[in-house]
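Asker: Structure provided below as structure tokens; questions to follow.
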Amino acid sequence: MGVTKTIKAKPNVKIDEHHHDEHHDQSFITKYIFSEDHKVIAKQFLISGIFWAIIGGALSSLFRIQLGFPDMDLTALSPIIGNWLTPQGKIDPEVYLALITMHGTIMVFFVLTAGLSGTFSNFLIPLQIGARDMASGFLNMLSYWFFFLSSIVMFISIFVEGGPASGGWTIYPPLSALPQAVSGSGMGMTLWLFSMSLFIVSALLGSLNYITTIINLRTEGMTFFRMPLTIWAFFVTAILGVLSFPVLLSAALLLIMDRSFGTSFYLSDIYIAGEALSNQGGSAILFQHLFWFLGHPEVYIVILPSLGITSEIIATCSRKPIFGYRAMVYSIFGIGALSFVVWAHHMFISGMNPFLGSVFTILTLIIAVPSAIKAFNYIATLWRGNIIFTPAMLFSIGLVSFFISGGLTGLFLGNSVVDINLHDTYFVVAHFHIVMGSASFFGLFAGVYHWFPKMFGRMMNSTLGYIHFWVTFIGAYLVFFPLHYIGIAGYPRRYYSFTNFETGRIESFIDLNTFVSFAAILTFVAQFIFLFNFFYSIYRGRRASENPWKSNTLEWTTPVEPGHGNWPGKIPKVTRWPYDYSKPGSKDDYIPQHIPFSSTKDSNMPEDEHR
Amino acid sequence: MNILLGIILFLSLVAIFLFFRSTEILSVAKKKVSASFEDDTNSTNAIFGVVFLIISFVAIIWYSYDQFDNYFLPMASEHAPEIEVLFWTTTAITFTVFLLTQIVMFYFAYRYRFNKTRKAHFYPENHKLEIVWTVIPAIVLVSLIGWGLVKWNKIMGPPPEDAEVIEVVGYQFAWASRYPGPDNELGNANYKLIDVENIVGIDFSDSSSLDDFMPREIHIPKGRPVLFKIKARDVIHSVYLPYMRSQMNAVPGMPTQMWFVPSKTTAEMREETGNENFNFEIVCNKICGRAHFSMKHTVVVLEEWEYIKWKKSQKSWVEKNPDYYANFVKNNSSEFAILND
Numbered sequence: 090m091g092v093t094k095t096i097k098a099k100p101n102v103k104i105d106e107h108h109h110d111e112h113h114d115q116s117f118i119t120k121y122i123f124s125e126d127h128k129v130i131a132k133q134f135l136i137s138g139i140f141w142a143i144i145g146g147a148l149s150s151l152f153r154i155q156l157g158f159p160d161m162d163l164t165a166l167s168p169i170i171g172n173w174l175t176p177q178g179k180i181d182p183e184v185y186l187a188l189i190t191m192h193g194t195i196m197v198f199f200v201l202t203a204g205l206s207g208t209f210s211n212f213l214i215p216l217q218i219g220a221r222d223m224a225s226g227f228l229n230m231l232s233y234w235f236f237f238l239s240s241i242v243m244f245i246s247i248f249v250e251g252g253p254a255s256g257g258w259t260i261y262p263p264l265s266a267l268p269q270a271v272s273g274s275g276m277g278m279t280l281w282l283f284s285m286s287l288f289i290v291s292a293l294l295g296s297l298n299y300i301t302t303i304i305n306l307r308t309e310g311m312t313f314f315r316m317p318l319t320i321w322a323f324f325v326t327a328i329l330g331v332l333s334f335p336v337l338l339s340a341a342l343l344l345i346m347d348r349s350f351g352t353s354f355y356l357s358d359i360y361i362a363g364e365a366l367s368n369q370g371g372s373a374i375l376f377q378h379l380f381w382f383l384g385h386p387e388v389y390i391v392i393l394p395s396l397g398i399t400s401e402i403i404a405t406c407s408r409k410p411i412f413g414y415r416a417m418v419y420s421i422f423g424i425g426a427l428s429f430v431v432w433a434h435h436m437f438i439s440g441m442n443p444f445l446g447s448v449f450t451i452l453t454l455i456i457a458v459p460s461a462i463k464a465f466n467y468i469a470t471l472w473r474g475n476i477i478f479t480p481a482m483l484f485s486i487g488l489v490s491f492f493i494s495g496g497l498t499g500l501f502l503g504n505s506v507v508d509i510n511l512h513d514t515y516f517v518v519a520h521f522h523i524v525m526g527s528a529s530f531f532g533l534f535a536g537v538y539h540w541f542p543k544m545f546g547r548m549m550n551s552t553l554g555y556i557h558f559w560v561t562f563i564g565a566y567l568v569f570f571p572l573h574y575i576g577i578a579g580y581p582r583r584y585y586s587f588t589n590f591e592t593g594r595i596e597s598f599i600d601l602n603t604f605v606s607f608a609a610i611l612t613f614v615a616q617f618i619f620l621f622n623f624f625y626s627i628y629r630g631r632r633a634s635e636n637p638w639k640s641n642t643l644e645w646t647t648p649v650e651p652g653h654g655n656w657p658g659k660i661p662k663v664t665r666w667p668y669d670y671s672k673p674g675s676k677d678d679y680i681p682q683h684i685p686f687s688s689t690k691d692s693n694m695p696e697d698e699h700r
Numbered sequence: 004m005n006i007l008l009g010i011i012l013f014l015s016l017v018a019i020f021l022f023f024r025s026t027e028i029l030s031v032a033k034k035k036v037s038a039s040f041e042d043d044t045n046s047t048n049a050i051f052g053v054v055f056l057i058i059s060f061v062a063i064i065w066y067s068y069d070q071f072d073n074y075f076l077p078m079a080s081e082h083a084p085e086i087e088v089l090f091w092t093t094t095a096i097t098f099t100v101f102l103l104t105q106i107v108m109f110y111f112a113y114r115y116r117f118n119k120t121r122k123a124h125f126y127p128e129n130h131k132l133e134i135v136w137t138v139i140p141a142i143v144l145v146s147l148i149g150w151g152l153v154k155w156n157k158i159m160g161p162p163p164e165d166a167e168v169i170e171v172v173g174y175q176f177a178w179a180s181r182y183p184g185p186d187n188e189l190g191n192a193n194y195k196l197i198d199v200e201n202i203v204g205i206d207f208s209d210s211s212s213l214d215d216f217m218p219r220e221i222h223i224p225k226g227r228p229v230l231f232k233i234k235a236r237d238v239i240h241s242v243y244l245p246y247m248r249s250q251m252n253a254v255p256g257m258p259t260q261m262w263f264v265p266s267k268t269t270a271e272m273r274e275e276t277g278n279e280n281f282n283f284e285i286v287c288n289k290i291c292g293r294a295h296f297s298m299k300h301t302v303v304v305l306e307e308w309e310y311i312k313w314k315k316s317q318k319s320w321v322e323k324n325p326d327y328y329a330n331f332v333k334n335n336s337s338e339f340a341i342l343n344d
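As you go down the protein sequences, you meet chains A and B in turn.
Going by our numbering, the first sequence opens with residue 90, and the numbers climb by one from there.
Going by our numbering, the second sequence opens with residue 4, and the numbers climb by one from there.
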């Protein structure tokens, strides 16, 4: 972890008498590698997430080349992707499937789960609730290193004989269970399952820690309803993870048994490669139920932290309290609870009983209500604010824009009868790339721009941030919005090529697809502006002040570069909610959470008691 | 080529670097307290938002209008219009909400951009407002759900009894179909009987299988309910007929089904689209391996009288493969003996 080396050593941190984990004179290894400090672990997750995001993005550029420019000769790339090409210099059809599978796996799990939750839950929970560190620093360290192991296994799987897993990121058996069906279901799939098992261990260790820390280690005065919305979001995300990831583990274990030990959990009546298999009595649909029991909460595991981050940033940069704090909290809980009872909307046409489809349609569309409340509350927060467009704020507004446009298309797909025709078409691809892909990514970017000063003690360059935002925002819309049209025309996803495809007018489709590929690759390349800004600013950014955004939450009361234990002296006591921005009667337009009411007599209100 | 790419990469890095340094120095020169806070780019960003909004709305509306026929598929089953009415109602509702929310959001962002002389309005909550935007979406959603479920239950419900039954079997990477023949009853099949010739594993010890026939292309009659009995041999596939707005997965070990009433013949569609080579096709819509993208099967929709004529002209599988059948009888003589008792 090269970057973590740059953190200035703070050997003389005074440690509070209540704090027993004293680590004086740590060696390089305990400080930066096997660190138990939540801030270092957060940075480890962030850097790993960035690494994976580059890989995931590069893979998508490759398959967008295949889709947008199917005749292009890629021989020039052969030094990098040599044996993935056919002799004609085109991407092999099975490699194409492997590319989309790995792109999905990497982005959903390694970037938007580990990279997002791992970074910001770790970094912000202790800082914002006023704790010295996580409840268990050791488990927290284990969480990262299990993730690291899982990453290594997944990375190796890209290069094994037969290629990486290629059954789609949802790895439905029997395709993923039978190496005869597709070559990626050999060694590649074995490693995928092994890697994901390690990943789940990591996610569980992390989540348990987040929950425990939030419940037990809040500083004096930090009641639940004085917690910033970020913490609420991380809290519910962690609960979702604890409840749903074990189900994926069991799904994966059963699949491992079917693959390696001759069981028939998912397999029945199969004739493949000239041979009738002896497996009988299994159910391929069972896997889908188990997978989506994780898979759907996973969508919210990905988006909720981003919504939390956004809530915080929009309030701070509008210089206004978040509108409807309690409603926001309840809707996080509503979304969290409902996310467990909507999974089968991914399976309307899987062959399950249509009655089940009816039930899941009802439950699915209900989840739109708390989501709508959140979107409206964001907009109401902007109303009559005094808005400062930091790059973080722009990314947050971008997130709300994506959350609305992607969320609305959920009303099509969640309605079972409309889904009959849209299921597994590009419409679905458009929907989730906007609502969970782009929106979550924007939350991640917003968080990095916003908390960078607290992470590294320096500021990122805002002009590069603006350029990065506008190119990415416009780019993401240009990539994903056109996919709706392609989906309405009935184009199936996960197709290697559309030559001789009989639906729609193929010419306009080809034009649009080329356009999308062009936009996708451009947007991907533009991310290097961010990468440069990020890494260069770690060393050469302008020095930050303690509270550069004039924010209320506790992390901004720590020193510019908080040391081990976060606060050199006592942990501040919290007296108020975190959203006292522009309070009438107050001289400043912000009152941090630790300022007592006795010193703000001019601005106190009767309602303060309830906040 | 690689050298060129390298140079471009290097130059862009230098450009970003110079940009970084110059803007940093500029902001230091202007004595800003900290970068990106309360600076004069604020209005620029706010205006960009509005410009982006206007341009993208014009583009979306123009493109949707201009290209409508290229993306909206003609409807060729009786339930297709029912799905489409709901689809377009949902589109109207969501697009209106989309327009309004995005306009309001970017307008607020522009209108309330930072101004030193103003202070933000402290406005933490308004219960009435929140109830309004909880209840209104809830009502809209309930009506969409109710409407959807009525149609869903009809389309996915039990097929009419006089439906034409056709077995459709998916395998890597093609489709096969089997018709019940004159006795209107599909004979048994068993995956263990599958081989290179008997690709769906027909069990000939069941006498109702003897008149089953397997055409090269699926033929179905216009105006009559058609029931597909769907199976998969190896991995999950999906029977997707985009023009019929029909889709159902084919799952190994779990027979599924779907039914619909074709409303346009292939000939009528050829006329409507102006494409002489037009054909309805089953396209596989569940990732199934290497040749997933080319797993198609032609479906010919005929007028009913044509269909009856076509059906009469078909020879049963047994008739077409007498040697195979003779062998089968020989190898399974014990079962046949039981049947004849």
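No residue lacks a Cβ here, since even glycine has one placed at the ideal position from N, Cα and C.
These numbers come from a predicted model, not from an experiment.
Could you check whether the Cβ of glutamine 105(B) sits closer than 8 Å to any Cβ belonging to chain A?
Answerer: For the purposes of this step, residue 105(B) is taken as the residue at position 102 of the second sequence. By this cut-off, glutamine 105(B) is an interface position.
Asker: Output, in chain order, the set of chain B residues within a Cβ distance shorter than 8 Å of serine 150(A).
Answerer: Walking along the first sequence from the start, residue 150(A) turns up at place 61. Per Cβ cutoff of 8 Å: no residues; serine 150(A) is ~14 Å from chain B at best.
Asker: Given that tryptophan 559(A) touches chain B, what residues does it touch there, using C-beta distances under 7 Å?
Answerer: Locating residue 559(A) in the first sequence gives position 470, counting from the first residue. Neighbours of tryptophan 559(A) on chain B, chain order: Phe51.
Asker: If we count Cβ pairs, one from each stretch, closer than 8 Å, do we get three or more for the stretch 280-297 of chain B versus the stretch 168-175 of chain B?
Answerer: yes
Asker: Strictly below 8 Å CB to CB, what residues from chain B border proline 681(A)?
Answerer: In the first sequence, the residue the question calls residue 681(A) occupies position 592. The premise fails here: proline 681(A) is roughly 16 Å from chain B at the closest Cβ pair, so nothing lies under 8 Å.
Asker: If the cut is a Cβ gap below 9 Å, which residues of chain B does leucine 264(A) touch?
Answerer: Position 175 of the first sequence, counted from the first residue, corresponds to residue 264(A). Within 9 Å Cβ-Cβ: Asp237, Val238, Ile239, Lys289, Ile290, Cys291, Gly292.
Asker: Using a Cβ-Cβ cutoff of 8 Å, what residues of the stretch 474-502 of chain A are near chain B? List them in chain order.
Answerer: Gly474, Asn475, Ile476, Ile477, Phe478, Thr479, Pro480, Leu483, Ile486, Val489, Ser490, Ile493, Ser494, Leu497, Thr498, Leu500, Phe501
Asker: Which residues of the stretch 537-563 of chain A have a Cβ closer than 9 Å to any Cβ of chain B? Give them in chain order.
Answerer: Tyr538, Pro542, Met548, Met549, Asn550, Ser551, Thr552, Leu553, Gly554, Tyr555, Ile556, Phe558, Trp559, Phe562, Ile563
Asker: Considering only their Cβ atoms, is the gap separating serine 319(B) from phenylalanine 207(B) smaller than 8 Å?
Answerer: What you label residue 207(B) is simply residue 204 of the second sequence in a count that begins at 1. What you label residue 319(B) is simply residue 316 of the second sequence in a count that begins at 1. Not a contact, by the Cβ cut-off of 8 Å.
Asker: Expressed to the nearest angstrom, what Euclidean distance is found between the alpha-carbon atoms of alanine 38(B) and asparagine 636(A)?
Answerer: Counting from one through the second sequence, the residue named residue 38(B) turns up at place 35. Counting from one through the first sequence, the residue named residue 636(A) turns up at place 547. In this prediction, alanine 38(B) has a pLDDT of 43, which is less than 50 and means its spatial position is unreliable; nothing more can be read from the coordinates.
Asker: Tell me, please, whether the CB atom of tryptophan 358(B) is closer than 8 Å to any CB atom in chain A?
Answerer: In the structure displayed, chain B extends from 4 to 344; residue 358(B) sits before or after that span and is not available.
Asker: Could you check what DSSP says for glycine 273(A) in three-state terms: helix, strand or coil?
Answerer: Taking the first sequence and counting its residues from 1, the one referred to as residue 273(A) is at position 184. It is helical.
Asker: Starting from the C-beta of isoleucine 148(B), find all residues in its chain whose C-beta is less than 7 Å away, skip the five residues before and the five after it, and write them out in chain order.
Answerer: Counting from one through the second sequence, the residue named residue 148(B) turns up at place 145. Leaving aside the five residues that flank isoleucine 148(B) on each side, none in its chain has a CB nearer than 7 Å to its CB.
Asker: Can you pull the chain A neighbours of serine 59(B), defined as C-beta to C-beta under 7 Å?
Answerer: Position 56 of the second sequence holds residue 59(B). Near serine 59(B) (Cβ distances below 7 Å), the residues of chain A are Tyr566.
Asker: Would threonine 268(B) pass as an interface residue toward chain A - the criterion being a Cβ-Cβ separation below 8 Å?
Answerer: Position 265 of the second sequence, counting from 1, holds the residue named residue 268(B). No, because no Cβ of chain A sits closer than 8 Å to the Cβ of threonine 268(B).
Asker: How would you write the range of the beta strand (DSSP E) that asparagine 510(A) sits in, first residue to last?
Answerer: If you number the first sequence from 1, residue 510(A) lands on position 421. Counting along the chain, asparagine 510(A) falls outside any beta strand (DSSP E), though it belongs to the alpha helix (DSSP H) covering 505-511.
Asker: Between serine 586(A) and the rest of its own chain, which residues show a CB-CB distance below 7 Å, the 5 nearest in sequence each way excluded?
Answerer: Looking up residue 586(A) in the first sequence gives position 497. The beta carbon of serine 586(A) is closer than 7 Å to those of Pro159 in its chain, skipping five residues each way along the sequence.
Asker: Excluding sequence positions up to five away, which residues of its chain have a Cβ less than 7 Å from the Cβ of valine 102(A)?
Answerer: If you number the first sequence from 1, residue 102(A) lands on position 13. Annotation note: pLDDT 43 at valine 102(A) (below 50); position unreliable, no value reported.
Asker: Along the alpha helix (DSSP H) that carries valine 51(A), what are the first and last residues, could you check?
Answerer: Absent from the model: residue 51(A). The displayed extent of chain A is 90 to 700, so no value can be given.
Asker: Within the 8 Å Cβ cut-off, does tryptophan 472(A) reach chain B?
Answerer: Taking the first residue of the first sequence as 1, we reach residue 472(A) at position 383. Taking Cβ atoms only, chain B reaches closer than 8 Å to tryptophan 472(A), which makes this a yes.
Asker: Does the structure place the stretch 267-274 of chain B close enough to the stretch 70-88 of chain B that three or more beta carbon pairs sit under 8 Å?
Answerer: yes
Asker: Going by the DSSP bridge assignment, what does glutamine 260(B) pair with across the sheet?
Answerer: Within the second sequence, residue 260(B) is the residue found at index 257, counting from 1. Its beta-bridge partners are Lys232(B).
Asker: Looking at lysine 225(B) and glutamate 306(B), is the spacing between their C-beta atoms short of 8 Å?
Answerer: On the second sequence, position 303 is the one that residue 306(B) refers to. On the second sequence, position 222 is the one that residue 225(B) refers to. Yes, the pair counts as a contact, with Cβ atoms nearer than the cut-off.
Asker: Whose CA, out of Ala266(A), Arg221(A), Ala292(A), Met548(A), lies closest to the CA of leucine 228(A)?
Answerer: The count along the first sequence starts at 1 and reaches residue 228(A) at position 139. Closest in alpha carbon position to leucine 228(A), among Ala266(A), Arg221(A), Ala292(A), Met548(A), is Ala292(A).
Asker: For the alpha helix (DSSP H) that contains proline 685(A), what are its first and last residues?
Answerer: On the first sequence, position 596 is the one that residue 685(A) refers to. First-last for proline 685(A): undefined, no H or E at that position.
Asker: I want to verify the contact list: residues of chain B whose CB lies under 8 Å from the CB of glycine 351(A), in sequence order.
Answerer: Position 262 of the first sequence, counting from 1, holds the residue named residue 351(A). Within chain B, no residue has its CB atom less than 8 Å from the CB of glycine 351(A), the nearest being about 16 Å off.
Asker: Can you give me, in chain order, the residues of the stretch 601-625 of chain A that have a beta carbon less than 9 Å from any beta carbon in chain B?
Answerer: Leu601, Val614, Phe617, Ile618, Phe621, Asn622, Tyr625
Asker: Taking only the alpha-carbon atoms, compute the straight-line gap between phenylalanine 331(B) and histidine 222(B) and give it to the nearest angstrom.
Answerer: Along the second sequence, one-based indexing puts residue 331(B) at 328. Along the second sequence, one-based indexing puts residue 222(B) at 219. Between the C-alpha atoms of phenylalanine 331(B) and histidine 222(B) there is a straight-line separation of about 28 Å.
Asker: In angstroms with no decimal places, state the Cα-to-Cα distance between valine 153(B) and phenylalanine 90(B).
Answerer: For the purposes of this step, residue 153(B) is taken as the residue at position 150 of the second sequence. For the purposes of this step, residue 90(B) is taken as the residue at position 87 of the second sequence. Roughly 14 Å separates the two Cα atoms.
Asker: Could you check if arginine 631(A) is buried or exposed, using at least 16 other CB atoms within 10 Å of its CB as the buried criterion?
Answerer: As a working note, residue 631(A) is residue 542 in the first sequence. Burial call: buried.
Asker: Is the distance from the Cβ of valine 418(A) to the Cβ of leucine 452(A) below 8 Å?
Answerer: Position 329 of the first sequence, counted from the first residue, corresponds to residue 418(A). Position 363 of the first sequence, counted from the first residue, corresponds to residue 452(A). Against a cut-off of 8 Å, the Cβ pair of leucine 452(A) and valine 418(A) comes out as no contact.
Asker: Could you confirm whether any beta carbon from chain A is found closer than 8 Å to the beta carbon of asparagine 118(B)?
Answerer: Taking the second sequence and counting its residues from 1, the one referred to as residue 118(B) is at position 115. Interface residue, yes.
Asker: Just to confirm, is the Cβ distance from proline 262(A) to leucine 356(A) under 8 Å?
Answerer: Working through the first sequence from its first residue, we reach residue 262(A) at position 173. Working through the first sequence from its first residue, we reach residue 356(A) at position 267. Their beta carbons are under 8 Å apart, which means proline 262(A) touches leucine 356(A) by this criterion.
Asker: Run through DSSP, which three-state label would tryptophan 178(B) get?
Answerer: Taking the second sequence and counting its residues from 1, one reaches residue 178(B) at position 175. Three-state DSSP puts tryptophan 178(B) in a strand.
Asker: Select from Phe604(A), Leu318(A), Pro335(A) the residue whose C-alpha is nearest the C-alpha of alanine 404(A).
Answerer: The residue you call residue 404(A) lines up with position 315 of the first sequence. Minimum Cα distance to alanine 404(A) is reached at Leu318(A).
Asker: Answer yes or no: does any C-beta atom of chain B fall closer than 8 Å to that of aspartate 697(A)?
Answerer: For the purposes of this step, residue 697(A) is taken as residue 608 along the first sequence, with counting starting at 1. Cβ-Cβ to chain B under 8 Å: no for aspartate 697(A).
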